[in-house]
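Take a look at the structure below.
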Amino acid sequence: MKKRRSNDTETPKKMKRRLDIWNKIAVVILTLFLVGCISVFFVLVNIINDPEGMRFSQDGLQAMSNSRIYDTNGKMIYEFGSEIRDDVKYKEIPQSVIDAFLSIEDSRFFDHNGFDLPRFLSAAITDLRSGGFAQGGSTLTMQMIDNSFTKNQEEKIIKEKGSLSRFDQVKLKVQEIYLSLIAEQSVSKEKIFEYYVNRIWFGSGNNTRGIQKAAQYYFGKDIQDVNLEEAAFLAGCINAPGQYNPLANKTDPDTDHLKSGQNRRNATLDLMLQHGYISQTEHDLAVNTNLAYDLKEEDTTTDAEDPNEAYIDMVIQETQTLTGQDPAVIPMDIYTSLNTSVQKEADKICKGEVVTFPNSYFDVGFSIIDNTNGEILAVGPGRTYHTDSVKTNNATDRKQPGSSMKPLLAYSSTFDLLGWSTEHTVNDQKKDYWKNGSYVSNSDGTFSGNISLAYALGVSKNTTAAAAMLDLIDAKGYNYWINFCKKLGYDDDVAEDFSEQYAIGGGSMYASPVQQANAYSIFANKGNRVDAHTVRNAIRRTDNKEFKTNAQTTNVISEDAAFMMSFLLYKVVHGGYQNFNEKLTSDYPVYGKSGTSDWGTSGLAYGIPQSSIRDEWSIGYTSQFTIATWSGYPRKYEQQGYYIPTSQVSSFTQAFDISHYMLDYCKKYGTYKSIPQTSGVTKYGSGWIETKYASQGDKGATANDPSSSSSSSSSSSSSDDESSSSSTTQSQQSTTTDTTQDNSSTYTEENGSGEVTDDTNDQTDYSNFGGFFFTNKKSLFNLFDWL
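Printed below as a string of structure tokens:
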């Protein structure tokens, strides 16, 4: 009996031991589970609170938008920036578009709190089976966070580490879910949808983003106007925009993108029917519509074809200076003075559709400015600006301006400072004006003695301009003229290096077509120059802060001197000098001056003969507009030996043709009239003098009686080209013959200013001029130093 009692007690002990084992296992499992949960919790907390991780802010949802440039009429001509968008409000989006997006992207969008757990688990299982992360299970809210925050964080990690690890991907997904939950607490569902569709890419080109740009890109309409099948396509294509873009068939004919896009659209329509957003009839009509019939590609002009390209580049640079910010980064609305019609004509000229160029290498550059306000209407940047990888804008590139400087520096101030009249007599004489051992000479190779100022300007005498400049320097000193050059709008480095040679475009005198047009505007604007500019104002889109143009108005000469100079420059065009300026003549008052620079000896290294022409200029202006046109060869072709032969200069007059054509074309945009006589001038002979000097008279006028010898002037010059004696008149008549373009038995050569060298009558010995001229008297002079 005792033994049985012993067995009865052993059985419960064994069962108790078994229960203890299972309890321990359960405790261990529970402990591990709890530790795991706590660990996961702490991992999640650390991920969420990672100081280097993402942080939600509603400002971060506001993507930086694009900058927009508008022409003179307020029409947008260009958009640029890292992302080009036209944001739309939720209320502007058709219901069919909203339904299409919900059907294919997030059918429970208005029900979940930013994270759809059932959808996420389904996607997670699919990802586990595939071993990837193709199925994200993201809600629209999560996709909004992805576009606004996650992508930026990914770029940051890749920049630091070189790649994204699997842990980084999981970490970012956890942070994305958390930020989505936070976003739903502070941002309405409608606003989230709005942010989402305004930021995503639909396959449109040129950095465009957002649903409005997509509707314009594919269908040529605003998003408010899309129909059902178009809405379904837009919602469906975002999954793979490159694949589903039907317009890509043009560039990728090996793939039927149209068919892929239409199939994707139909899949979206199927889901819309499934979720009850459309009826069976609506579905059937939509799926049976050929997507090709809806397509109407927006006309997008590439930069390489845009006639406004150079002007736009100038606008962007000027805006940076005006605002201190980069409009490619900070979104702005920029309003300009661009006249797109005039700019198109300028572009046609550069393409060779208006004037004929002597060869494919010869180039031009020009600028048209409104005299009254300094606004640049259009520019001609050159013939290769659109195609050059490194672009040089010939409208802003500096060249030596030659004789076009004479009215600006040598003559216009003589009326204010020296009391000259327009009838003033100047002495064209052989002299070492620069005191450097070299004689300044003229392109016709002669010295005519006493001649009228009008004639000296008409045939572009260098000696008289040099003498006038020296008189002005004696009157005011060098500092005055340094400042005067700055008032004319030239760069500080050019102004600070002022010398007497500037009067004839020599020395370190360099100017661009924009600067020359701006400087000449003083003659039509009462002696005032308004800084040349393209930008009227810029508005920063983030806070609507306005930056107005800072163009300043500078008084350069008196309005009386401006009128008197125009009086003479009218004669340069209409005085019969046959200097190519007559090409500007039209049925309205026009004023102008030419300019030419020469290679001198510096071209010998490239095989360019001495005295060959390098730059040819034409400046023309009316009461409203001024155009400055440069022509010549780009630097790379100069180095290959290209130049303008003096004997063929009549084939290189494109600068004059361009100035005439553009002034004619611009007439419809301005009022052309004679520049009116000012109240501060008095009639003096057949010309004018400032009234304050009238009582003392112009002691340098011809025989103190400008009207007495007008009948003796040459038939090829204007009526004021008189001289003080019969011998001077004969000399003048001979010079006038030399400056015509008529063929005669005497061999003549013309330079780019219309000035002619008579080699047969040239008896001067140039061998002792210290190298300033050529030793061969049959050669042309070194224009570079004196023209």
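If you're matching positions, the sequence shown starts at 1135 in this note's numbering and goes up one per residue. Glycine residues also receive a C-beta, built at the ideal position from the N, C-alpha and C atoms. Treat the numbers as computed from the prediction; the structure is a model and nothing was measured.
**Nearest neighbour of Ser-1314, chosen from Ile-1691, Ala-1369, Arg-1300, Gly-1248 [CA to CA]** = Here the closest residue by C-alpha is Gly-1248.
**Item:** Length of the line joining the Cα atoms of Thr-1683 and Arg-1300
**Value:** Spanning the two alpha carbons is a distance of roughly 53 Å.
**Message:** Among the candidates Glu-1363, Pro-1465, Thr-1756, whose CA atom is the shortest distance from the CA of Thr-1415?
**Reply:** Of all alpha-carbon atoms in Glu-1363, Pro-1465, Thr-1756, the one lying nearest the alpha-carbon of Thr-1415 is that of Glu-1363.
**Request:** Give me the Cα-Cα distance between Ile-1778 and Thr-1556, rounded to the nearest whole angstrom.
**Result:** One C-alpha to the other measures close to 34 Å.
**Request:** Please check the pair Tyr-1740 and Gln-1773, which I expect to be a contact at CB under 8 Å, by giving their CB distance rounded to whole angstroms.
**Result:** At roughly 6 Å, the Cβ-Cβ gap stays under 8 Å, so Tyr-1740 and Gln-1773 are in contact.
**Whether Ser-1642 touches Asp-1550 by CB criterion (8 Å)** = Pairing Ser-1642 with Asp-1550 gives a Cβ-Cβ distance that is not under 8 Å.
**Prompt:** Just checking my contact of Asn-1505 with Phe-1759 at CB under 8 Å: how many whole Å lie between their CB atoms?
**Reply:** Correct: roughly 7 Å between the Cβ atoms.
**Prompt:** What residue from Ser-1793, Ile-1753, Asn-1473, Tyr-1795 has the CA that sits closest to Ser-1538's CA?
**Reply:** Ranking Ser-1793, Ile-1753, Asn-1473, Tyr-1795 by Cα distance to Ser-1538 puts Ile-1753 first.
**Message:** Report the CB separation of Ala-1512 from Val-1488 in whole angstroms; it is logged as a contact under 8 Å.
**Reply:** Ala-1512 to Val-1488, Cβ: 13 Å. No contact.
**Prompt:** What did DSSP end up calling Asp-1665 once you bin it into helix, strand or coil?
**Reply:** DSSP places Asp-1665 in coil when its eight states are reduced to three.
**Asked** Which residue comes first and which comes last in the alpha helix (DSSP H) that contains Val-1304?
**Response** In the DSSP annotation of this structure, the continuous segment of the alpha helix (DSSP H) that includes Val-1304 starts and ends at 1300–1320.
**Prompt:** Which one of Thr-1812, Gly-1592, Val-1560 has the shortest CA to CA distance from Asn-1584?
**Reply:** Relative to Asn-1584, the option among Thr-1812, Gly-1592, Val-1560 whose CA is nearest is Val-1560.
**Prompt:** Would Ile-1502 pass as a contact of Ala-1651 if the rule is Cβ separation under 8 Å?
**Reply:** Yes; because the gap between Cβ atoms is below 8 Å, this pair is in contact.
**Request:** Could you check if Ser-1700 is buried or exposed, using at least 16 other CB atoms within 10 Å of its CB as the buried criterion?
**Result:** By the neighbour-count rule (16 or more Cβ atoms within 10 Å), Ser-1700 is buried.
**Request:** Can you have a look at Ala-1601 and say buried or exposed, based on whether 16 or more other CB atoms are within 10 angstroms of its CB?
**Result:** Buried, because 16 or more other Cβ atoms sit within 10 Å of the Cβ of Ala-1601.
**Asked** To which residues of the same chain is Phe-1214 closer than 7 Å at the C-beta, ignoring the five residues directly before and after it?
**Response** Within the same chain, Phe-1214 has close Cβ partners Asn-1200, Ser-1201, Ala-1462.
**Asked** Just checking my contact of Ala-1658 with Tyr-1722 at CB under 8 Å: how many whole Å lie between their CB atoms?
**Response** Beta-carbon to beta-carbon, Ala-1658 and Tyr-1722 are separated by about 13 Å, too far to satisfy the 8 Å threshold.
**Assigned exposure category for Glu-1452 - 16 Cβ within 10 Å defines buried** = So Glu-1452 ends up on the buried side.
**Item:** Best match in Asn-1286, Tyr-1624, Thr-1275, Ala-1349 for proximity to Ser-1320 [C-alpha to C-alpha]
**Value:** If we check each option's Cα against that of Ser-1320, Thr-1275 comes out closest.
**Request:** Flag this pair as touching only if the segment 1355–1370 and the segment 1402–1410 have three or more C-beta atom pairs under 8 Å; answer yes or no.
**Result:** Enough Cβ pairs lie closer than 8 Å, so yes.
**Extent of the continuous beta strand (DSSP E) run through Val-1498** = Looking at the DSSP string, the run of the beta strand (DSSP E) that includes Val-1498 is 1497–1504.
**Cα-Cα separation between Gly-1208 and Tyr-1469, rounded to whole angstroms** = Taking the straight line from one Cα to the other gives about 7 Å.
**Item:** Close-in-space but distant-in-sequence residues of the same chain around Ser-1338 (CB under 7 Å, 5 per side omitted)
**Value:** Leaving aside the five residues that flank Ser-1338 on each side, the residues in its chain whose CB is nearer than 7 Å to its CB run, in chain order, Lys-1347, Ala-1348, Tyr-1351.
**Request:** Check whether the Cβ atoms of Leu-1797 and Ala-1653 sit closer than 8 Å, and answer yes or no.
**Result:** Cβ distance not < 8 Å, so Leu-1797 and Ala-1653 don't count as in contact.
**Message:** Less than 6 Å between C-beta atoms, sequence neighbours within five positions excluded: which residues of the same chain meet that for Ile-1311?
**Reply:** Around Ile-1311: Phe-1249.
**Asked** By how many angstroms is the C-alpha of Ile-1211 removed from the C-alpha of Ile-1761?
**Response** Distance between the alpha carbons of Ile-1761 and Ile-1211 is about 24 Å.
**Asked** Should Asp-1418 be labelled buried (16 or more other beta-carbon atoms within 10 Å of its own) or exposed?
**Response** Asp-1418 is exposed by the Cβ-count criterion.
**Asked** Does the beta-carbon of Lys-1540 have 16 or more other beta-carbons within 10 angstroms, so that it is buried, or is it exposed?
**Response** By the Cβ-count criterion, Lys-1540 is buried, with 16 or more other Cβ atoms from all chains shown falling within 10 Å of its own Cβ.
**Integer-rounded CB distance, given that Tyr-1378 should sit under 8 Å from Gly-1354** = Not a contact, Cβ separation roughly 18 Å.
**Asked** Which stretch, first to last residue, makes up the beta strand (DSSP E) that contains Lys-1679?
**Response** Looking at the DSSP string, the run of the beta strand (DSSP E) that includes Lys-1679 is 1679–1682.
**Request:** Use the C-beta contact count for Trp-1156: other C-beta atoms within 10 angstroms, 16 or more gives buried, fewer gives exposed.
**Result:** Exposed.
**Message:** As a quick exercise: from Asp-1562, Pro-1375, Asn-1507, Glu-1324, pick the residue whose alpha carbon is nearest that of Ala-1599.
**Reply:** Out of Asp-1562, Pro-1375, Asn-1507, Glu-1324, Asp-1562 has the C-alpha closest to the C-alpha of Ala-1599.
**Request:** Could you tell me whether the Cβ of Glu-1452 comes closer than 8 Å to any Cβ of chain B?
**Result:** In summary, chain B is missing from the structure at hand, where a single protein chain is found.
**Item:** Closest Cα partner of Glu-1680 within the set Asn-1671, Ser-1728, Thr-1688, Gln-1686
**Value:** Cα-wise, what sits closest to Glu-1680 is Asn-1671.
**Asked** Would Gly-1486 be called buried (16 or more neighbouring beta carbons within 10 Å of its own) or exposed?
**Response** Burial call: exposed.
**Asked** So, using beta-carbon positions, are Thr-1668 and Ser-1494 closer together than 8 Å?
**Response** Taking 8 Å as the Cβ cut-off, Thr-1668 and Ser-1494 do not qualify as a contacting pair.
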